[in-house]
Structure formats: structure tokens, C-alpha cells
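Worksheet: one structure, shown below.
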Amino acid sequence: MALEVGIVGLPSSGKSTLFHALTGTRATSDVGMAAIPDPRLTQLAGVVGARKVTPAAIRVVEVRGTGPALLGNLRQVDALLVVLDGFSGTRTPGDDLETLRLELLGADHDHVERRLERIVKQAKSGEQKLKQEAAELERLLAHLDGGATIADWPGQLPGGLEPLTTKPLISVENGPGGIDLKLEAELRDMSAEDAAEFREGASALEEVVRGLTRELDLLTFFTAGEKETRAWTLRRGRSALDAAATVHSDIARGFIRCEVIRWDDLVAAGSHAEAARRNLQRLEGKAYEVQDGDVLNIRFNV
Ligand SMILES: Nc1nc2c(ncn2[C@@H]2O[C@H](COP(=O)(O)OP(=O)(O)OP(=O)(O)O)[C@@H](O)[C@H]2O)c(=O)[nH]1
Ligand SMILES: [Mg+2]
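For the sequence shown, the residue numbers in our numbering are 874 to 1175.
Encoded structure:
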């Protein structure tokens, strides 16, 4: 499953412009993929002579409003990108962020309330587990009504609640004080060379993507084949088996062991064969904790 991020913002703040700048897709669709640029991938692909190079990607979802029902579409996403209008001169980004936070709080309150209603109905069957959940939700609702947030809830949350307000939130000020999203969206439609000539440094959007990977504590690992060389994201602290599952569930199921080499060792060696000769490759098992920059070759049988 690719990482997923939701774009939220007040009307006309630049949500669709950010969506286009990130995904290259016009907002006729609400879901697109944003590639995560990584210079290591290009080097690896060169060394193994890959015919296809695939960067890691984030799924991006834009929601077209801030009501509870629309925001509710974001319960599955891993993080929120909040777009703030800093270009029109008619808004105060800090105030708009506060407004957005209140909308998110409102949506979570609404969500807990509805869920409580539903569970109370279901609990009439007398099932003990449902009665317990109803009691928990009632306590949580009282906590929210008292002006607190789900994030301050001291206990464990009822399973599958998926609040919005506990998700990592990254704000993007659209305008001179932040990122000129209109320009980024226009650059997106140019070739990489033309775009590079226009801007002084790296794309400002790269900072947004880096912020996301930081907030979500992600690392990048690689698979480096001739047919395809590819970058993948994984939460820090996860195992080789989790990495295998990211690539394909069959590979995880048939996992035997995996060969691990540091990306720069492989680049320095110039080929898998030379890296093996220099003994730069290690064999690891399912429990191995994957490190940022690892190149994995997973042995499996199906
Ligand atoms: N000058 C300038 N105009 C911008 C910028 N970002 C967006 N706009 C313009 O502002 C308008 C609204 O931008 P959108 O990206 O459609 O905003 P939105 O949040 O998706 O709007 P809704 O979906 O209608 O709520 C468009 O006409 C954009 O071209 C910017 O950075 N500078
Ligand atoms: Mg829009």
C-alpha cells in the first residue's frame, strides 16, 4: 500500500493547484500519485543498467470542502497537507490554519457522535463487546464536549476510530511567504531541464515531500534489477519481511532470506557481481531491521 496524504484547505486557497503541482494531474480526478525524487535511485539504475526506473510515490487525495462528510473521506490517509492562502492578500494564513483545525475537530466530534449512535443501536442485541464500546465512546464524547481533543485522550481509543486530528499535519503557505504553488504547477508542465532553469534551487515542493517523510518517519529502500530499479518507502524500525510485503504480498509469504547491500557500496562496486566479490553483500532474515539506503534482493519461493 502506497503512503497516502490528503489535501485540505479553505475554498480557493490553492488545493487543486497543489494537487496539480504534486501529481501532474489536472484536478478532474481527486486522486493522483506524487513521485518522491531521490538522486540515489538514478545512480543505482545507472549501475545495474535498469530498463525501467520507478521512484517511490505518495497517493494524493484532494477534498473539495471542509464539511464533516467531505473531511470524513480522509480517515484512511497517513497525513494531511493544509493549504493556506498567502497569495491573494485577503487572508491571514495563521487564522485560516486555526479555522481548519476547528473544522477538523468538528469533523472528529461529529464522527464520534455518529459512531456512538450506531453502536448504541447495535448494542441493543445485548452483545457485551458492543455495550463496552458504546460506554467508551460516550466517555470520549464527554471528553470532547469538555473542550478537549482526541489527541489528549489518555486511554486507548476504540478500535478503527481513525480520527483526523491525530494525524500529522503539514501546512503549506501558498504565496510569497511560503511556496508559489501557481508557479510550481506551471513548472510541472515543463520539461525537467526547463523547470530547473526557472528556479534557483531545488523545487520548493521537494521540501513538502521531505516534511512528509520526516513526519511519518519513513525511510527509503531500493530494489535494483535490470528489468526495473525501484525506490520504496517504509516506516523506520520495520523488518525485511515488512519490506517484502511492501513489494508484493506473495514475496512476503514465500520469504526465505534477503541479500542486503548499502546503495553507495553497490554504486562504488559498479555491479552486483563485483559487490558480491568484494563481500559487500550480507544475508539477512525476516526480522532484519531495514535501514535507509538499503538495497534489498529478496529470495522467496511461491
Ligand atoms: N497568483 C496566484 N494565484 C493562485 C495561486 N495559487 C492558486 N491561485 C489561483 O487561485 C485560484 C484558486 O486556486 P485552486 O487551486 O483552484 O484553489 P482550490 O483550493 O482548489 O479552490 P476550490 O477547490 O474551488 O476550493 C485559481 O484561479 C488559481 O489559479 C498562487 O500561488 N498565486
Ligand atoms: Mg479545488
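Where a beta carbon is used, it is the ideal one built from N, C-alpha and C, also for glycine. None of the values given here were measured: they were computed from a predicted structure.
Kindly indicate which residue of the options has the alpha-carbon position closest to the one of residue i.
| i | options | result |
| --- | --- | --- |
| N1184 | S1076, T1119, S961 | Outside the shown range of the chain, which is 874 to 1175, sits residue 1184, and nothing can be said about it. |
| L1156 | N1170, A875, L1034 | N1170 |
| A952 | T972, A1075, T1093, R1083 | R1083 |
| N1152 | A1160, H893, D1138, D1165 | D1138 |
| A1007 | R987, A1065, S1112 | R987 |
| V921 | D1167, V1168, S1144 | S1144 |
| D1123 | R1172, R1087, F1094, V1081 | R1172 |
| L973 | L989, T1038, G1032 | T1038 |
| L914 | V1175, D1167, N1174 | D1167 |
| A918 | W1026, W1136, Q1029 | W1136 |
| R1111 | A996, Y1161, V933, G1019 | Y1161 |
| A1142 | Q916, G1019, P912 | Q916 |
| L947 | T963, G1158, V881, C1131 | V881 |
| K1159 | A1146, A1113, A1068, V1175 | A1113 |
| L1085 | V933, R899, G1127 | V933 |
| C1131 | Q1154, V1140, T1106, Q1001 | Q1154 |
| G1028 | R937, E971, R1012 | R1012 |
For residue i versus residue j, is the C-beta spacing smaller than 8 Å?
| i | j | result |
| --- | --- | --- |
| H982 | G945 | no |
| V1163 | A1125 | no |
| A1075 | P928 | no |
| P910 | E1079 | yes |
| V1120 | T1093 | no |
| L978 | G879 | no |
| A1118 | I1134 | no |
| E1088 | P1041 | yes |
| I1129 | V1081 | no |
| D903 | E935 | yes |
| A1077 | E1057 | yes |
Below 6 Å CB to CB, which residues in the same chain sit around residue i once its five sequence neighbours on both sides are set aside?
| i | result |
| --- | --- |
| D969 | L883, L957 |
| P1036 | D981, I1023 |
| G959 | P966, E1046, N1047, G1048, G1050, G1051 |
| T939 | E976 |
| A942 | none |
| G897 | R1061 |
Taking only beta-carbon atoms, is residue i less than 8 Å away from chain D?
| i | result |
| --- | --- |
| S1076 | Looking at the structure shown, chain D is missing, and only one protein chain is on hand. |
Take residue i and list the residues in its own chain whose beta-carbon comes closer than 7 Å to its own, dropping the five residues that flank it on each side.
| i | result |
| --- | --- |
| D1090 | R1108, R1109 |
| L1054 | G887, T890, L891, A894, N1047 |
| A1186 | The chain is shown only over 874 to 1175; residue 1186 falls outside these bounds and no answer can be derived. |
| I846 | Outside the displayed range of the chain (874 to 1175) lies residue 846, so it cannot be described from this structure. |
| H1016 | W1026 |
| F1071 | L1060 |
| L1014 | V985, E986, L989 |
| R964 | D958 |
Cβ-heavy atom distance between residue i and ligand 4 below 7 Å?
| i | result |
| --- | --- |
| E1162 | No copy of ligand 4 appears in this structure; the ligands present are ligand 1 and ligand 2. |
Taking 8 Å as the limit between beta carbons, can you name the residues of its chain near residue i, skipping five residues before and five after?
| i | result |
| --- | --- |
| E1101 | A923, R924, K925, V926, T927 |
| D1165 | L1092, T1093, F1094, R1109 |
| S885 | D958, S961 |
| Q949 | E877, E1035 |
| A1068 | L1060, R1061, S1076 |
| N1174 | G1127, I1129 |
| Q995 | L1003 |
| R937 | K888, D903, L943 |
| M1063 | F1071 |
Around ligand 1, Cβ to any heavy atom closer than 6 Å, ordered along the chain: G882, P884, S885, S886, G887, K888, S889, T890, R937, F960, N1047, G1048, D1053, L1054, K1055
Runs of beta strand (DSSP E) wholly within the segment 1060-1121 (minimum 3 residues, chain order): 1091-1097, 1102-1108
Complete runs of the beta strand (DSSP E) confined to the segment 921-1004 [at least 3 residues]: 930-935, 952-958
3-residue-minimum beta strand (DSSP E) runs that sit fully inside the segment 876-912, ordered along the chain: 876-882, 904-908
Inside the segment 1144-1173 only - alpha helix (DSSP H) runs reaching at least 4 residues: 1145-1150
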